[in-house]
Amino acid sequence: MSKSRILIQLDTDPQASVFDAVVAIDAGAERLLQYANIKPEQVRDLIHGAMYTRGPADLKNTAIFVGGSNVAHGEQVFRNAVDTMFEPFKVSVMIDCNGSNSTAAAAVISASRHLELEGSTALVLAATGPVGQRVAKILANEKCTVYLSSRSLERSEECVAQLVAQGVPQNRLIAISSADQTWTDKAIRESHMVFACGAAGVRLMTAEQLEQAGQLKVAIDLNAVPPLGIDGIGLTDKGSSRGGRIEYGALGVGGLKMKIHKASVASLFESNAKTIDCQEMMSIGRDILALEKPLS
Numbered sequence: 006m007s008k009s010r011i012l013i014q015l016d017t018d019p020q021a022s023v024f025d026a027v028v029a030i031d032a033g034a035e036r037l038l039q040y041a042n043i044k045p046e047q048v049r050d051l052i053h054g055a056m057y058t059r060g061p062a063d064l065k066n067t068a069i070f071v072g073g074s075n076v077a078h079g080e081q082v083f084r085n086a087v088d089t090m091f092e093p094f095k096v097s098v099m100i101d102c103n104g105s106n107s108t109a110a111a112a113v114i115s116a117s118r119h120l121e122l123e124g125s126t127a128l129v130l131a132a133t134g135p136v137g138q139r140v141a142k143i144l145a146n147e148k149c150t151v152y153l154s155s156r157s158l159e160r161s162e163e164c165v166a167q168l169v170a171q172g173v174p175q176n177r178l179i180a181i182s183s184a185d186q187t188w189t190d191k192a193i194r195e196s197h198m199v200f201a202c203g204a205a206g207v208r209l210m211t212a213e214q215l216e217q218a219g220q221l222k223v224a225i226d227l228n229a230v231p232p233l234g235i236d237g238i239g240l241t242d243k244g245s246s247r248g249g250r251i252e253y254g255a256l257g258v259g260g261l262k263m264k265i266h267k268a269s270v271a272s273l274f275e276s277n278a279k280t281i282d283c284q285e286m287m288s289i290g291r292d293i294l295a296l297e298k299p300l301s
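With the sequence shown counted from 1, adding 5 to any position gets you the numbering used here.
Have a look at this one:
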């Protein structure tokens, strides 16, 4: 008799996410064990409980999902979980704190429907946030040149340093401050893609700046709360053609984000050796895209 598919949800918030729980069940988890307010130092004993309760052949039916609104804490929980395990007592692990990984993957894949990523230049607005940093990471790993924009040049430079420490090539990353008009104008002129990844209700790019972007092919705004991040892009835009470029709003990307989230959870139960973060979600998203009809 096959073992039930158990997903252990480790959430850093005081209450474990209902959203993540519902998606997990819809993705095929038969039993959901939720743990809230998780601290990194608590992870080892919880992971041992997942490792040693089933034989190696059945461990593919146990998996870990790390979530919560504090992305930095979630990443430490994720790293501790991965570092705790060893062969043959591994279980698959996924991290998608606040949806940042699945959102970033969906945004980049949406852009890839309209231009070749390799060799392109991208401007990531609010690049130091959880989604922006992951968008920048994926793009650089896809051989794009990436401008990482933040209000603070120091924060942009810190973000670049963090990505380089994760193995991202430094020569593909350019830190700029949105307060520096010279560098901002240069990035806008040179970019083929722009991604607005800021906080809800914060305008990051004006309609005038958008019109000045002569090489721009794709503009993606991930802010779902007015005022939107890029002036002129609609919340529901999905591959809309406007001003010689393709535009996506937050809801236009959201459908693919949900498909990636659900497919990532489902894939956890295919083996006991998967580690799924934004880069792996990019691959999962490409597989989803390959099965979809092209945008009209």
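Every residue, glycine too, gets a C-beta built ideally from N, C-alpha and C.
In three-state DSSP terms, what is residue i?
i	result
I251	strand
G239	coil
Q81	helix
I69	strand
S9	coil
V28	helix
F94	coil
G33	coil
L296	helix
D282	coil
D185	coil
L158	helix
Cutting at 6 Å between CB atoms, please list the residues of its own chain near residue i, excluding the five before and the five after it.
i	result
G134	C202
C102	G72, G73, V76 and G79
A21	Q14, Q39 and A41
I52	A86 and T89
V230	A205 and G206
C149	L122, S125 and A127
Within this structure, are the beta carbons of residue i and residue j separated by less than 7 Å?
i	j	result
L240	A224	no
D25	A41	no
L130	S154	yes
A127	G290	no
A68	S115	no
A204	D236	no
V165	A180	yes
Find the nearest neighbour of residue i within the set the options, judged by alpha-carbon distance.
i	options	result
G54	D31, V23 and I11	I11
R156	A132, N85, P45 and V165	A132
G183	A170, R160, V165 and Q167	Inspection of the sequence shows that residue 183 is occupied by Ser rather than by Gly. Of the listed residues, the one whose Cα sits closest to S183 is R160.
S9	V27, M263, P19 and G33	G33
I193	Q220, V169 and V173	Q220
With a CB to CB cut of under 8 Å and the five nearest residues on each side skipped, what residues in its chain are close to residue i?
i	result
D185	L158
Here's a check: name, in chain order, each residue in its chain whose Cβ is nearer than 7 Å to the Cβ of residue i, leaving out the five neighbours to either side.
i	result
V82	L15, T17, I43, P45, V48 and V71
I238	A224, D226, E252 and G254
Say the cut is 6 Å; is the CB of residue i nearer than that to a heavy atom of the ligand SAH?
i	result
S182	The ligand SAH is absent from the structure shown, which contains no ligand whatsoever.
| said: To test your reading of the DSSP string, which unbroken alpha helix (DSSP H) runs of 4 or more residues are found completely within the segment 118 to 150? | reply: 135 to 146
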